[in-house]
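>
Number of protein chains: 2
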Amino acid sequence: MSKISTKPPSGMRDFLPADLLRRKHVVGVIEEVYRQHGFAPLETPSIENLSTLLGKYGDEGDQLMYRLLHRRDKLTRATEGARDEGRAAEESELADQGLRYDLTVPLARVVAQYGQLPKFFKRYQIQPVWRADRPGRGRFREFYQCDVDITGTTSQLAEAEVLSAVCTALSRLGFEDFEVKLNHRELLRAMIRCSGIAAELESTALVAVDKLDKIGPDGVAKELAERGISSDSATRLLETISLEGEDNAARLEALAATVDEAGREAIAGLRELLDLAQSSPAGPRLRVDPTLARGLSYYTGPIFEAAVSDLAGSIGGGGRYDGLVGMFGKQEVPAVGFSLGLERILVVMEERGMYPELGAGPELLLCWMDVPERAPLELATRLRAQGLRVEVYPEAAKLKKQLTYANSPGVDAPWAGILGKDELAAGELSLKHMQSGEQQRVAFDAVAKAVRA
Amino acid sequence: MSKISTKPPSGMRDFLPADLLRRKHVVGVIEEVYRQHGFAPLETPSIENLSTLLGKYGDEGDQLMYRLLHRRDKLTRATEGARDEGRAAEESELADQGLRYDLTVPLARVVAQYGQLPKFFKRYQIQPVWRADRPGRGRFREFYQCDVDITGTTSQLAEAEVLSAVCTALSRLGFEDFEVKLNHRELLRAMIRCSGIAAELESTALVAVDKLDKIGPDGVAKELAERGISSDSATRLLETISLEGEDNAARLEALAATVDEAGREAIAGLRELLDLAQSSPAGPRLRVDPTLARGLSYYTGPIFEAAVSDLAGSIGGGGRYDGLVGMFGKQEVPAVGFSLGLERILVVMEERGMYPELGAGPELLLCWMDVPERAPLELATRLRAQGLRVEVYPEAAKLKKQLTYANSPGVDAPWAGILGKDELAAGELSLKHMQSGEQQRVAFDAVAKAVRA
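Those sequence lines, one after another, are chains A and B.
The numbering of the first sequence is my numbering, which starts it at 1 and goes up by one.
The numbering of the second sequence is my numbering, which starts it at 1001 and goes up by one.
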């Protein structure tokens, strides 16, 4: 018998019960807040056509995509076709489906596909996505996103609602120190343009700017040079995005002086959004940050990123993407959304000890001795009908062994019930509180009441 | 702008809100029952190493597995290596990871990997699995399984607990007419052996028998012949598995007369299990069925399959698999489990109208006119703090248009709140019950109370 590795693949994780219960707690809070904001749930398949996925996220996204290998005849045709032509098979011949890379592109596909959706489709979606990225702290190859989006309107009330939902969720989870950075893609483009960078280098400049918090201004300057941008333009751009000001209004005013008309229009939009957001829990969290770029290529308007002080990188982000639904070749539908990253949130909550106590095991372990095997099963059925979470010790064993098991890691039953001959005859259970060691006899029908007391 | 298909790939599905809420309802009920039975949640990654997955499910399973194409250098090495040798690249060179095919093999891997699990690991797991099967009614390529398993004991109390959990869940969902077919792999093997079929043809005979309810006895006879089994043996085997009897005891007695000692031992095990199960909600559901074979190759003891009368095929199945954990080359750990198929359950519940009413949209749509945009946002924050699910109409529009939207499909808000200049000044909302058309003025702080009344 040869040994097979029993570890999950690199970047993948098993969630054992105690860990999973914490994840479920966090997802539950986020979901409740999203629903209170009038968002309805959506789920899309893990597998999408590559024609849906490719070309939406930028080059890096396309490279990190998981592709599903063709099967049977389709695979044979591809590999034998390449052989017959004396060449290596191409990636594009070997796969035409891949794993979901985010939840936004699938939403855009859904909006393009289904005519019966509400005009303003407010949906939330909490599902895993897959990226074949280098694994790191709080960064995995399978991870959950918790998205809220509103499609069908260009009104910035939609931005305000999305930000309200996300900020309320973070507050409800116990975060007190987060901020949401705010910028605008049109403002960024204006800053790039007004630094003297040619239109065709705009996207590549954006990719470099997006790395500012990772590689610093010198790193960005170097990247810009490598991407063919003059050092003069690079210096001007870095100066502009580094403009400071004591509050949002001051920062926007300073920026307004450096950009053109289109840039000033974007600034007016941000001012309106800041004003609107004052009426929601998002208001005090927003901070205009001209360095914020966001990696994904589909954003067209305001962009956001939520951060806490003790975690490098963000715990979520989003923005307006009015062109994405239209990329499916049908109608243009404006949209705005925000995605919270579950694992980033969990990392911080773990480090800060923000979780409530959540017991993974049963409330009561039912121990038994000198009674027929049927007896504990019968009693367990009755206790479960009372709403208790009950585990039956599955084998005949000495009482001491059963009680030791009740206390073992991963079980940690707060109560043990002991069913012996006497108890069975009396219709009572000996109920033992594991921590105090106190024991009492309780009628079968009164066990849940005693446990909950 | 070329059109990209916006349908999900074949066998994949989008779950729009109303549909998803029904799925969540069903999952919620199953999860609650599983937890009451003392099972704790586990989740494993979607992506597993192929070394973990292959060789556990039989040939058909291996063929239906989704494989993930290598990326970058690894892919280049494989395709160029094949080219350099003048041959077609092999499937096994192009992928070494795949998508989860069921939840049982990942559980076995987890049990082999983690030393800190409880000795009796009672876990439930509700996640999607992927099989590249031909799509059909209630059969998809991505579908959810709802598994309960107990590892670490050969005691049939474990079988009884698993069956109790599953039967309680089905009852709680409103099923009144299901039965759980019961057989035993060792009994099946004895039946095959005692029909004069050679040991090396045992597995292939089992695969043929498993198709009985799909292709009938003539079909099975044909398959057995194709698999090299004499018509004499085939006839004898078909006779044995077709043995009838008015109840479980009678059927087992008839079978006992046709098999050898090992077969009679399996029968004794089934008798013990039937007796134990009498003490749980599973008791009246169990029906000994000698034709039940179950497709997967890893079962070693009792096997189960749940069915309802109006759906061909099963709504779930399971059994004992004492050898699977040991296949990972470490310790042998006995185990038993059951997997409910979510989509099969949903198909039947849908057809029978077994769902409760579940509103996908907001409880209250907040309409507004002649007030600043901030006003409805501010009020929505207050109403949400009261626990209401509130959507704000996101654009300035005529009241009639807003109310029409409240009534539109997918929104179906039972209440509309109207915030005008008068209302804002008075700190009150005009609350309209959409179905009756009745309207009343309610103080901002009393809206939730009025809606819930």
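For every residue, glycine included, the Cβ atom is placed at its ideal position computed from N, Cα and C.
In this text, all values refer to a predicted model and were calculated from it rather than measured experimentally.
Mind checking which residues open and close the beta strand (DSSP E) that includes Pro1302(B)?
Along the second sequence, one-based indexing puts residue 1302(B) at 302. Element bounds for Pro1302(B): Pro1302 to Ala1307.
> Exposed or buried, which one is Arg1437(B) when buried takes at least 16 other CB atoms within 10 Å?
Position 437 of the second sequence, counted from the start, is the residue given in the question as residue 1437(B). The amino acid at residue 1437(B) is misidentified as Arg; the sequence shows Gly. Around the beta carbon of Gly1437(B), fewer than 16 other beta carbons lie within 10 angstroms, which makes this residue exposed.
> Decide if Pro290(A) is buried, meaning its Cβ has at least 16 other Cβ atoms within 10 Å, or exposed.
Counting from one through the first sequence, the residue named residue 290(A) turns up at place 290. Buried, since its Cβ has 16 or more Cβ neighbours within 10 Å.
> Using a Cβ-Cβ cut-off of 8 Å (strictly less than) and excluding sequence neighbours within five positions of Ala1095(B), which residues of its own chain qualify?
Taking the second sequence and counting its residues from 1, the one referred to as residue 1095(B) is at position 95. For Ala1095(B), where only same-chain residues beyond five positions count, the Cβ hits under 8 Å are Leu1050, Arg1067, Leu1068, Leu1069 and His1070.
> Between Met1(A) and the rest of its own chain, which residues show a CB-CB distance below 8 Å, the 5 nearest in sequence each way excluded?
For the purposes of this step, residue 1(A) is taken as residue 1 along the first sequence, with counting starting at 1. Because the pLDDT at Met1(A) is just 46, under 50, the model does not fix this residue reliably, and the value given afterwards should be weighed accordingly. Correct list: empty, nothing qualifies.
> So Glu423(A) contacts chain B; which residues on that side make the cut at Cβ distance below 9 Å?
On the first sequence, residue 423(A) is found 423 positions in, with the first residue counted as 1. Here the premise fails: no neighbours, minimum Cβ distance about 16 Å.
> Let me check one thing: in DSSP terms, what residues is Asp1147(B) bridge-paired to?
Translated into the one-based positions of the second sequence, residue 1147(B) becomes position 147. The partner list for Asp1147(B) (beta bridge, DSSP) reads Gln1125(B) and Ser1339(B).
> So if DSSP puts Phe1328(B) in a beta bridge, which residue, or which two residues, is it bridged to?
For the purposes of this step, residue 1328(B) is taken as the residue at position 328 of the second sequence. Partner(s): none; Phe1328(B) has no beta bridge.
> Taking 8 Å as the threshold (beta carbon to beta carbon), is Asp14(A) in contact with chain B?
Mapped onto the first sequence, residue 14(A) falls at position 14. Yes, Asp14(A) counts as interfacial toward chain B.
> Kindly indicate which residue of Glu357(A), Val308(A) and Leu270(A) has the alpha-carbon position closest to the one of Phe178(A).
The count along the first sequence starts at 1 and reaches residue 178(A) at position 178. It is Val308(A) whose Cα lies nearest to the Cα of Phe178(A).
> Under 7 Å Cβ-Cβ, which residues of chain B neighbour Ile4(A)?
Start at 1 with the first residue of the first sequence, and residue 4(A) comes out as number 4. Result: Ser1051, Thr1052, Phe1328 and Gly1329.
> Ignore the nearest five residues each way along the sequence and tell me which others in Gly295(A)'s own chain have a CB closer than 6 Å to its CB.
On the first sequence, residue 295(A) is found 295 positions in, with the first residue counted as 1. Once the five neighbours on either side are set aside, the close Cβ partners of Gly295(A) are Asp210.
> Measure the alpha-carbon distance for Val259(A) versus Leu252(A) and round it to whole angstroms.
The residue given as residue 259(A) occupies position 259 in the first sequence. The residue given as residue 252(A) occupies position 252 in the first sequence. Cα-Cα distance, rounded: 11 Å.
> Can you find a C-beta in chain B that's less than 8 Å from the C-beta of Ser164(A)?
For this step, residue 164(A) is matched to residue 164 along the first sequence. It does; some Cβ of chain B falls within 8 Å.
> Got a sec? Which residues, its chain only, sit under 7 Å from Leu1273(B) by beta carbon, not counting five neighbours each side?
The sequence position of residue 1273(B) within the second sequence is 273, counting from 1. The residues are Gln1156, Glu1159, Ala1160 and Pro1302.
> I'd like the list of long-range same chain contacts for Ile988(B), defined as Cβ closer than 7 Å, with 5 residues on each side in sequence excluded.
Outside the displayed span of chain B (1001 to 1453) sits residue 988(B), for which this structure offers no information.
> DSSP three-state label for Ala1443(B), please.
Here residue 1443(B) is taken as the residue at index 443 of the second sequence, counted from 1. Strand.
> Could you compute how far the alpha carbon of Leu286(A) sits from the alpha carbon of Glu1373(B)?
Within the first sequence, the letter at position 286 stands for residue 286(A). Within the second sequence, the letter at position 373 stands for residue 1373(B). Roughly 18 Å between the two C-alpha positions.
> Note down, in chain order, each residue of its chain lying with its Cβ closer than 8 Å to the Cβ of Asp14(A), except the 5 sequence neighbours on either side.
Here residue 14(A) corresponds to residue number 14 of the first sequence, with the count starting at 1. So the qualifying residues of the chain are Pro8.
> Distance cutoff 8 Å, beta carbons only. Does Ile1197(B) sit that close to anything in chain A?
Locating residue 1197(B) in the second sequence gives position 197, counting from the first residue. With 8 Å as the cut-off, Ile1197(B) does not count as an interface residue toward chain A.
> What runs of the alpha helix (DSSP H), each 4 residues or longer, lie entirely inside the segment 71–127 of chain A?
72–84, 91–94 and 104–113
> Counting only C-beta atoms, is His1037(B) closer than 8 Å to chain A at any point?
The residue given as residue 1037(B) occupies position 37 in the second sequence. Interface criterion met: the Cβ of His1037(B) is under 8 Å from a Cβ in chain A.
> Counting only beta-carbon atoms, is Phe304(A) nearer than 8 Å to chain B?
As a first step, residue 304(A) must be located in the first sequence, where it is residue number 304. No, no contact with chain B.
> Using a Cβ-Cβ distance cut-off of 8 Å, determine whether Leu1403(B) contacts chain C.
The question asks about chain C, but that chain is absent: this structure's protein chains are A and B.
> Is the Cβ of Tyr1355(B) closer than 8 Å to any Cβ of chain A?
Against the second sequence, residue 1355(B) aligns to sequence position 355. Taking Cβ atoms only, chain A never reaches closer than 8 Å to Tyr1355(B), which makes this a no.
> Nearest-angstrom Cα distance between Pro1394(B) and Leu1365(B)?
Numbered from 1 along the second sequence, position 394 holds the residue referred to as residue 1394(B). Numbered from 1 along the second sequence, position 365 holds the residue referred to as residue 1365(B). Rounded to whole angstroms, Pro1394(B) to Leu1365(B) spans 10 Å at the Cα level.
> How about Glu1043(B): is its C-beta nearer than 8 Å to some C-beta of chain A?
One-based indexing of the second sequence puts residue 1043(B) at position 43. It does: the Cβ of Glu1043(B) has a partner Cβ on chain A nearer than 8 Å.
> Determine whether the Cβ of Phe1175(B) lies closer than 8 Å to any Cβ atom of chain A.
As a first step, residue 1175(B) is located in the second sequence; it is residue number 175 there, counting from the start. No, no contact with chain A.
> Measure the C-alpha to C-alpha separation of Ala199(A) and Ala205(A) and round it to an integer number of angstroms.
Here residue 199(A) corresponds to residue number 199 of the first sequence, with the count starting at 1. Here residue 205(A) corresponds to residue number 205 of the first sequence, with the count starting at 1. If you take the alpha carbons of Ala199(A) and Ala205(A), they lie about 10 Å apart.
> Taking only three categories from DSSP, how would you classify Ala397(A)?
Here residue 397(A) is taken as the residue at index 397 of the first sequence, counted from 1. Ala397(A): coil per DSSP, three-state reduction.
> Going by other Cβ atoms of all chains shown within 10 Å of its Cβ, with 16 needed for buried, is Pro1281(B) buried or exposed?
Counted from its first residue, the second sequence places residue 1281(B) at position 281. Buried, because 16 or more other Cβ atoms sit within 10 Å of the Cβ of Pro1281(B).
> Can you confirm whether Thr1381(B), when its beta carbon is compared against all beta carbons of chain A, has any partner nearer than 8 Å?
Counted from its first residue, the second sequence places residue 1381(B) at position 381. Closer than 8 Å: yes.
> If you scan the segment 222–297 of chain A from start to end, which runs of the beta strand (DSSP E) of 3 or more residues do you find wholly inside it?
286–288
> Taking only the alpha-carbon atoms, compute the straight-line gap between Ala443(A) and Ala1448(B) and give it to the nearest angstrom.
Within the first sequence, numbered from 1, the residue matching residue 443(A) stands at position 443. Within the second sequence, numbered from 1, the residue matching residue 1448(B) stands at position 448. Distance between the alpha carbons of Ala443(A) and Ala1448(B) is about 42 Å.
> For Met1001(B), which three-state DSSP category applies?
The residue labelled residue 1001(B) in the question sits at position 1 within the second sequence. Confidence at Met1001(B) is low in this model, with a pLDDT of 46, below 50, so its placement is unreliable and no value can be given for it.
> Spell out whether any CB of chain A is found under 8 Å from the CB atom of Gln1440(B).
For the purposes of this step, residue 1440(B) is identified with residue 440 of the second sequence, where counting begins at 1. It does not: the Cβ of Gln1440(B) has no partner Cβ on chain A nearer than 8 Å.
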